[in-house]
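A.B. asks: Residues are numbered in the working numbering as their position in the sequence shown, beginning at 1, plus a constant of 9.
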Amino acid sequence: MKENMENNNIEQKDNLNEDNQKESAAEQIPESETVKEIDEITQLKNKIEEVQKQNEALKDQLLRKAADFENYKRRIENDIISITKFANEELIEKLLPILDDFERFLEHSKNEDTSNNPFYKGVELIYNKLSKLLELQGLKKIDCIGQQFDVNYHDALLVVPTNDPAISPNTIIQEVEKGYILNDKIIRHAKVIVAGEPSSIQNNNQEGGAD
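1. Does the Cβ of V201 have 16 or more other Cβ atoms within 10 Å, making it buried, or fewer, making it exposed?
2. Under 8 Å: do the stretch 130-145 and the stretch 158-168 share three or more Cβ pairs, one atom per stretch?
3. Buried or exposed for I101, please, with buried defined as at least 16 other CB atoms from any protein chain shown within 10 angstroms of its CB.
4. Give me the Cβ distance between I181 and V203, rounded to the nearest whole Å; I'm assuming they're in contact under 8 Å.
5. Check whether the Cβ atoms of L139 and L108 sit closer than 9 Å, and answer yes or no.
6. Which one of C153, I196, G205 and E206 has the shortest CA to CA distance from E2?
7. Could you please give me the residues that DSSP links to D164 through a beta bridge?
8. Can you tell me whether A66 is buried or exposed, with buried defined as 16 or more other CB within 10 angstroms of its CB?
9. Find the nearest neighbour of A165 within the set D110, A199 and R113, judged by alpha-carbon distance.
10. Taking the alpha-carbon positions, what's the D152 to E144 distance?
11. Note down the Cα distance separating E79 from I85, rounded to an integer number of angstroms.
12. If we call anything under 9 Å between Cβ atoms a contact, is N126 one with S118?
13. Considering only residues of the same chain and omitting the five flanking positions on each side of T171, which have a CB-CB separation below 6 Å?
14. Give the range of the alpha helix (DSSP H) segment to which I135 is assigned.
15. Do E184 and I154 have their C-beta atoms within less than 9 Å of each other?
16. Does the Cβ of A34 have 16 or more other Cβ atoms within 10 Å, making it buried, or fewer, making it exposed?
17. Output needed for E186: all residues of its chain with C-beta closer than 6 Å, excluding positions within five of it in sequence on either side, in chain order.
18. So the alpha helix (DSSP H) I190 belongs to, where does it begin and stop?
19. What is the DSSP secondary structure of I47, counted as helix, strand or coil?
20. Where K62 and K74 are concerned, what is the direct C-alpha to C-alpha distance, given to the nearest angstrom?
21. Taking buried to mean at least 16 other C-beta atoms within 10 Å of its own C-beta, is Y81 buried or exposed?
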């Protein structure tokens, strides 16, 4: 019987050792799994951050491409507008001398009786129609007489001294050839004669006459 009791004690010890080993293994398994899960979470966070960086880079590229496209589209639109506005510039420039001839003819004939002159009436009609057509294309005359000389709009052919107190120096007193602007672009400067400073000879004569 004593032997049986010893055997039972041995079995109990063996069972106890086995249970302790199982508990120890059970404690070790969750710890290793936790480390593995932490590694997986860290890797997942790194991947998320990488994807976010890639998304930011793609978003930045997309915004740049969109801005470039808008600039390109705006440039094309401006080019189309410019081409449309100035497509007839060369033709209009070639028509200006003809317009000058019409104006000279009408100017020379204004003191004559043209009421019954069909030729004059025909030229006047053509001139008016041509002028109206060119105006519709954006052609405008440059103001000259009485204006201050401006190198941006005028070419001075001559500077004439004047003692007229009503005319200040640098004032345009005569227009030799009309200047024109086409859609805000100068296509021909006006050729003009400009008032200058009073001459010393005239000043001396006036002073001598006053004495």
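Note that beta-carbon positions come from the ideal geometry of N, C-alpha and C, so glycine has one too.
C.D. replies: In this structure, then:
1. In the sequence shown, the residue the question calls residue 201 occupies position 192. The residue in question, V201, is buried, as its Cβ has 16 or more Cβ neighbours within 10 Å.
2. no
3. If you number the sequence shown from 1, residue 101 lands on position 92. By the neighbour-count rule (16 or more Cβ atoms within 10 Å), I101 is buried.
4. Position 172 of the sequence shown holds residue 181. Position 194 of the sequence shown holds residue 203. So it is a contact: roughly 6 Å between Cβ atoms.
5. Along the sequence shown, one-based indexing puts residue 139 at 130. Along the sequence shown, one-based indexing puts residue 108 at 99. Cβ atoms of L139 and L108: closer than 9 Å.
6. With the chain covering only 10 through 220, there is no way to say anything about residue 2.
7. Translated into the one-based positions of the sequence shown, residue 164 becomes position 155. Answer is K200, bridged to D164.
8. Numbered from its first residue, the sequence shown carries residue 66 at position 57. Exposed.
9. Locating residue 165 in the sequence shown gives position 156, counting from the first residue. Checking every option, the nearest Cα to that of A165 belongs to A199.
10. Stepping through the sequence shown from its first residue, residue 152 is reached at position 143. Stepping through the sequence shown from its first residue, residue 144 is reached at position 135. Computed Cα separation, rounded: 15 Å.
11. Stepping through the sequence shown from its first residue, residue 79 is reached at position 70. Stepping through the sequence shown from its first residue, residue 85 is reached at position 76. Each residue's alpha carbon lies about 10 Å from the other.
12. Your numbering for residue 126 matches position 117 in the sequence shown. Your numbering for residue 118 matches position 109 in the sequence shown. Contact: yes.
13. Numbered from its first residue, the sequence shown carries residue 171 at position 162. If we look at T171 and ignore the five residues flanking it on each side, its Cβ neighbours are A204.
14. As a first step, residue 135 is located in the sequence shown; it is residue number 126 there, counting from the start. Taken as a continuous stretch (DSSP letters only), the alpha helix (DSSP H) holding I135 covers P127 to L145.
15. Locating residue 184 in the sequence shown gives position 175, where the first residue counts as 1. Locating residue 154 in the sequence shown gives position 145, where the first residue counts as 1. Contact flag set, yes.
16. Taking the first residue of the sequence shown as position 1, residue 34 is located at position 25. With a pLDDT of 49 at A34, under the threshold of 50, the modelled position of this residue cannot be trusted, and the question is left open.
17. On the sequence shown, residue 186 is found 177 positions in, with the first residue counted as 1. Correct list, in chain order: K200.
18. As a working mapping, residue 190 is identified with position 181 in the sequence shown. I190 -> not in any alpha helix (DSSP H); beta strand (DSSP E) instead, spanning Y189 to L191.
19. Reading the sequence shown from its first residue, position 38 is the one you call residue 47. Here I47 sits in helix by DSSP.
20. In the sequence shown, counting from the first residue as 1, residue 62 sits at position 53. In the sequence shown, counting from the first residue as 1, residue 74 sits at position 65. Cα-Cα distance, rounded: 18 Å.
21. Within the sequence shown, the letter at position 72 stands for residue 81. The residue is exposed, with fewer than 16 neighbouring Cβ atoms inside 10 Å.
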